[in-house]
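Worksheet: one structure, shown below.
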Amino acid sequence: MANSTNLEWHMIGFRTFSENEVSNTTLREDLYKKMIAIDPAAPTAEEHQQKAITKLRYMLFRENMSSSHEKGFRIEALKMRGSSPVTDMKTVKTSQEIQGTISNFVNGRKSVVKDMTKRLKQMRTLIEKSEFFQRHQVVGSSIFIVYDDHKVGVWLIDFAKALPLPEGVKVDHRKRWTLGNCEEGLLFGVDELIRTLEDVHRGLQQSSHDSKKYGRR
1 MANSTNLEWH
11 MIGFRTFSEN
21 EVSNTTLRED
31 LYKKMIAIDP
41 AAPTAEEHQQ
51 KAITKLRYML
61 FRENMSSSHE
71 KGFRIEALKM
81 RGSSPVTDMK
91 TVKTSQEIQG
101 TISNFVNGRK
111 SVVKDMTKRL
121 KQMRTLIEKS
131 EFFQRHQVVG
141 SSIFIVYDDH
151 KVGVWLIDFA
161 KALPLPEGVK
171 VDHRKRWTLG
181 NCEEGLLFGV
191 DELIRTLEDV
201 HRGLQQSSHD
211 SKKYGRR
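Take 1 as the starting number for the sequence shown in my numbering and just add one per residue.
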């Protein structure tokens, strides 16, 4: 893509793994080692004694490291014009950290935030009305945001883990996930991303130097 393009990639949902991936309750030493390499204090006393954890335990630990568990989305990566991609974003977790990252990404441009929010709201309406989303759990999907000096684009991508719901199971894509309920939090994440962008927009409006510095609303 052109060097003038700015890109941001958000993973959407409380969980980014399928239920089939974590149905195995085997204790795994390799996942315990991965966990302590990230956070030596994370395992319980029993897990330290066993020196092994289940895949579900590891996956939930990984989601809790980011904003996925609380907000239903996380910033996975971004690239700003003239800069190298930034991919180590999984620990950007608090509201302040997320809003600061997005403010930097849009370079203080309120119009970009406004367009992003508008397109996300349109996307949310389409998802809520879609028969496909009424019949599927959509795990591991992403929202891809692109903007330059002229346009803003927002897309929902990555449907490799979209699975038909079992017969008799319904989801609203907002409820908290428990094993077997097939919820993934996709719409919860979209809601939270919209709220975050609205907070960013308000913050930019309150900056007295904003319009002078960037010359646009």
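Virtual Cβ for every residue (Gly too), placed ideally from N, Cα, C.
Which one or two residues does DSSP pair with Met11 in a beta bridge? Arg74 and Ser142
Would you mind working out which of Asn6, His10, Leu126 and Arg62 sits nearest Asp158, comparing C-alpha positions? His10
Buried or exposed for Leu78, please, with buried defined as at least 16 other CB atoms from any protein chain shown within 10 angstroms of its CB. buried
Where the alpha helix (DSSP H) containing Ala45 begins and where it ends: Ala45 to Gln50
Per the DSSP calculation, Leu156 is bridged to which residue(s)? Ile143
Tell me the residue span of the alpha helix (DSSP H) that contains Leu27. Element bounds for Leu27: n/a, residue is neither H nor E.
Inter-stretch contact at 8 Å, needing at least 3 Cβ pairs: the stretch 78-92 / the stretch 38-49: no
From Asp115 to Ser130, what does the alpha carbon distance come to, in whole angstroms? 23 Å
At a cut of 8 Å, does the stretch 118-129 reach the stretch 146-160 through at least three beta carbon pairs? yes
Going by Cα to Cα distance, which pick from Gly82, Phe17 and Lys71 is closest to Gln99? Lys71
Could you check what DSSP says for Leu163 in three-state terms: helix, strand or coil? strand
Between the alpha carbons of Arg195 and Ser95, how many angstroms are there, rounded? 11 Å
Alpha carbon of Ser66 to alpha carbon of Lys175, nearest angstrom: 19 Å
What's the C-alpha gap between Lys118 and His173? 20 Å
At what residues does the alpha helix (DSSP H) containing Glu97 begin and finish? Ser95 to Phe105
In the DSSP output, what is Gln206 paired with across the bridge? None; Gln206 has no bridge partner.
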